[in-house]
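Residue numbers (my numbering), protein chains in the order written: chain A, 7 to 331; chain B, 303 to 604. Beneath this line is the structure, given in structure tokens, with notes to follow.
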Amino acid sequence: MDPRLITAIIVVVGVPAVLIGYIILTEQILRPIPDRRRVTLRPWLWLLPALLFLAVFLIYPTIGTIIHSFQNTAGTKFIGLDNYVYFFTSPSTLGALKNNVLWVILLTLLTVGFGMMIAVLVDRVRYETVAKAIIFLPLAISMVAASVIWRFMFLYNAPGETQTGTLNAIVGLFGLGPFPWLQIQDFSFNTILLIVVMAWMWTGFCMVIISAALKGISAELLEAARVDGANEWQVFRRIIFPLLLPTLAVVATTIVITALKAFDIVYVMTGGNFDTQVMAQSMIQEMFTNGNFGRASAVAVVLLITIVPVMALNIRRFQAQEAIR
Amino acid sequence: MTAPIGVVAPVAQQQVVAKRERNSRLGRLPIHLTIIILLLVWMIPTIGLFINSLRPTADVNNSGWWTAILHPEQLSFDNYAHVLAESSIGPAFINSLFITIPATVIPVLVAAFAAYAFAWMTFPGRNVLFVIVVGLLVVPLQTTLIPILQLYGPKGFNIAGTFLTVWLAHTAYGLPFAIFLLRNFMGGLPREVFESAAIDGASPVTSFLRLALPMSVPAIAALVIFQFLFVWNDLLVALVYLGSSPQNLPLTVTISNLVTSLGGGWEFLGAAAFISMALPLAVFFGLQRYFVRGITGGSVKG
């Protein structure tokens, strides 16, 4: 039999059957056990698959990576903080760190800013649904596809030739350029261009959440302010914006984590060249191009440490949410 | 999660009425202009690539995509036919399906088991354990790559390069969010239903399969879409775990190889990219309501 056909059968039938089978089996296992023990044991059998997955694929590797980061390339000897010293002295990883900071700040500002602006604007027109779908659409496609899309935006032909890239054609209308986009290293310009691509994808995400919060603001409240003579800007600045703040915080947290983990766009569009490297991509490069697992692990640990404060915030938010349930 | 939606609808209607009353036609012109400009900016990149994907290679290299708007007769689906017939895009599409279906089904079911236990069974340490699971939400998956890669290698399970590696990994990466979302939804189901089922002698398995799962369909649908898009669009996980076996590579890796190699096939990149977008876009437009609801349900309390 064709091996691909066997895979297909496993994929469609086998996997769900095994999982449902497991949960039915738990009750068979529990049957001979006395009532009280059964009640205490049962939840753990239901949690077992999830906890196994989390322990093996998230907790164990995180501990493993931390240990690796203190070891040499082959993982045979502990070398203290050498990998971290390398991280904080090598110009390429320091550049990655600097670029990640730029990613966090600029991506958050762009996506939350545009997301809020669009959410507030489309709330006032009748074609709101269509407009939101158009802004949201890039989020459904892969970053690889997005980078192909933007390749044609940034395309550069030598001066004098016909410019087939959209951006160079536009600046050409004003008698400027052509510019070799993504190869301009001054002022982190390339990184900014990559962030623009990412903002194009993630603005829709911010918009959808902010828009949902916006619908939750009572129309009477806004109407009352207008009756009292507040203009549209005052209504936004004094009522809508303060009420949106908790939601904006949630959205910003998500975007900060996304920015710290940024990888695909950089990997596909520039490969980290032209001063665009970021931490996740430096790590993959250390791992596969240089084969240095120790240094790669150190990069991953630094990434984890930067995310911990955000994680703490997230957990506190969750606990606050549970309290009001 | 269901409550805010019921609340939102009448408020939205009121706002529509208020909208008509408050705004004069002329005063709204700047709003329409701003929105339309923003929408154009958002659409142009995609439209540009789509038009280029319909043009012959020579045209793509010699003139911008906008020139084709005046000559629609030059457009054809030849590039798509070529890509599907000759390159590795066809098999990669099947691989993407093989990867995505189990990597969506497994985490949703495993998370449903755990969420049901967290929501409707009492055991010591329940809340602490749940907070730990949610905390894992922000472990960057990059942190896990190296140890897992070694675990998959010849010294571990020796399954490197097989589909199983990505199914297991994607399941674990998707679980914290899946458990979070489903636990919140299942916790909101009416208690009486489960109590009367238990009195009638239904086992937890029956309650779960006959009551909890069917009643949680909105949350499960949102989750399926999320996980589907996440896995289908993933590059990093596939690159790391499947990189050693070229015959198993999904669309994202195959297309990214086309981009970075710059060798053959560059002219068909647009068509390849749109083939990779077809399924996510169909899923997105088909289930848009659930998708938006899924995002907002977890983070915005109405």
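Note that the Cβ used here is the ideal one computed from N, Cα and C, for glycine as well.
Exercise for the section: List the whole-angstrom C-beta distance separating B:F465 from B:F400, where the pair is believed to meet the contact cut-off of C-beta under 8 Å. Expected result: 6 Å
Practice task
Name the one or two DSSP bridge partners that A:Q77 has.
Solution key: A:F84
Exercise for the section: Give a yes or no on whether the minimum CB-CB distance between A:A258 and chain B is below 8 Å. Expected result: no
Practice task
Would you please state the rounded distance, in angstroms, between the beta carbons of B:V533 and B:A405? I believe it to be under 8 Å.
Solution key: 5 Å
Problem - Spatial neighbours of B:Y475 in its chain, beta-carbon cut-off 6 Å, leaving aside the 5 residues before and after - result: L443
Problem - Residue of B:Q529, B:G572 and B:M345 minimising C-alpha distance to B:F586 - result: Of B:Q529, B:G572 and B:M345, the residue nearest in Cα terms is B:Q529.
Problem - CB of A:I261 within 8 Å of CB of A:V118, strictly - result: Going by C-beta atoms, A:I261 is nearer than 8 Å to A:V118.
Exercise for the section: Tell me, to the nearest whole angstrom, how far the beta carbon of B:N535 is from that of A:S148; I am working on the premise that it is less than 8 Å. Expected result: 3 Å
Exercise for the section: Go through its chain and collect everything with a Cβ distance to A:N78's Cβ below 6 Å, but skip five positions before and after it. Expected result: I85 and G300, listed in sequence order.
Problem - Interface residues of the stretch 534 to 553 of chain B facing chain A [CB-CB below 9 Å] - result: W534, N535, D536, L537, L538, L541, V542, G545 and L553
Problem - Supposed close pair B:F425, B:R485 - CB separation, criterion 8 Å - result: At roughly 14 Å, the Cβ-Cβ gap does not stay under 8 Å, so B:F425 and B:R485 are not in contact.
Practice task
Output yes if chain C places a C-beta closer than 8 Å to the C-beta of A:Y90; else output no.
Solution key: Looking at the structure shown, chain C is missing, and the protein chains on hand are A and B.
Practice task
Please report the residue range of the alpha helix (DSSP H) in which B:H334 lies.
Solution key: L331 to S355
Handout entry: Local conformation of B:A584 per DSSP, three classes
Key = helix
Exercise for the section: Would you verify that the beta carbon of A:V128 is, or is not, closer than 8 Å to some beta carbon of chain B? Expected result: At least one chain B Cβ lies under 8 Å of A:V128.
Exercise for the section: Determine the burial state of B:P456: buried for a count of at least 16 other Cβ atoms within 10 Å of its Cβ, exposed for fewer. Expected result: exposed
Handout entry: Residues within the stretch 301 to 314 of chain A neighbouring chain B, beta-carbon criterion of under 7 Å
Key = A302, S303, A306, L309, L310 and I313
Practice task
Alpha carbon to alpha carbon, how far is A:E134 from A:V214? Give it in angstroms, no decimals.
Solution key: 11 Å
Exercise for the section: Identify whether B:T445 lies in helix, strand or coil by the three-state DSSP scheme. Expected result: helix
Practice task
Mark A:A230 as exposed unless 16 or more other C-beta atoms lie within 10 angstroms of its C-beta, in which case mark it buried.
Solution key: exposed
Problem - For A:M159, the first and last residue of its enclosing alpha helix (DSSP H) - result: M149 to F160
Exercise for the section: With distances taken Cα to Cα, identify the nearest neighbour of B:Q452 among A:L254, A:R243, A:L58 and A:T71. Expected result: A:T71
Handout entry: Below-8 Å beta-carbon distance, A:S288 vs any chain B residue
Key = no
Handout entry: contact_flag[the stretch 284 to 295 of chain A, the stretch 60 to 76 of chain A] where n(CB pairs < 8 Å) is 3 or more
Key = In this structure the stretch 284 to 295 of chain A does not lie against the stretch 60 to 76 of chain A, because fewer than three pairs of beta carbons, one per stretch, are closer than 8 Å.
Exercise for the section: State yes or no: is the beta carbon of A:Y66 nearer than 8 Å to at least one beta carbon in chain B? Expected result: yes
Exercise for the section: Quick one: list the residues of chain B neighbouring A:Q240, beta-carbon separation under 9 Å, in chain order. Expected result: Ordered by position in chain B, no residue passes the 9 Å Cβ test against A:Q240, which lies about 14 Å from the chain.
Exercise for the section: Using beta-carbon positions only, say whether B:L541 and B:N550 come within less than 8 Å of one another. Expected result: no
Handout entry: Terminal residues of the alpha helix (DSSP H) in which B:W367 lies
Key = Taken as a continuous stretch (DSSP letters only), B:W367 belongs to no alpha helix (DSSP H), as it is neither H nor E.
Practice task
Can you grab the Cα-Cα spacing for the pair A:Y90 / A:L100, in whole Å?
Solution key: 11 Å
Practice task
Could you please give the first and the last residue of the uninterrupted alpha helix (DSSP H) stretch that includes A:Q34?
Solution key: Segment V21 to L36, the alpha helix (DSSP H) holding A:Q34.
Practice task
Please compile the residues from chain A whose C-beta is within a distance smaller than 7 Å of the C-beta of B:Y418.
Solution key: W52
Problem - Closer than 8 Å to chain B by CB, A:S98 - result: no
Practice task
Give a yes or no on whether the minimum CB-CB distance between A:A175 and chain B is below 8 Å.
Solution key: So, interface residue.
Problem - Pair within 8 Å by beta-carbon distance, A:S303 and A:A102 - result: no
Practice task
Apply the 10 Å Cβ neighbour rule to A:D129 and answer buried if 16 or more other Cβ atoms are within range, or exposed otherwise.
Solution key: buried
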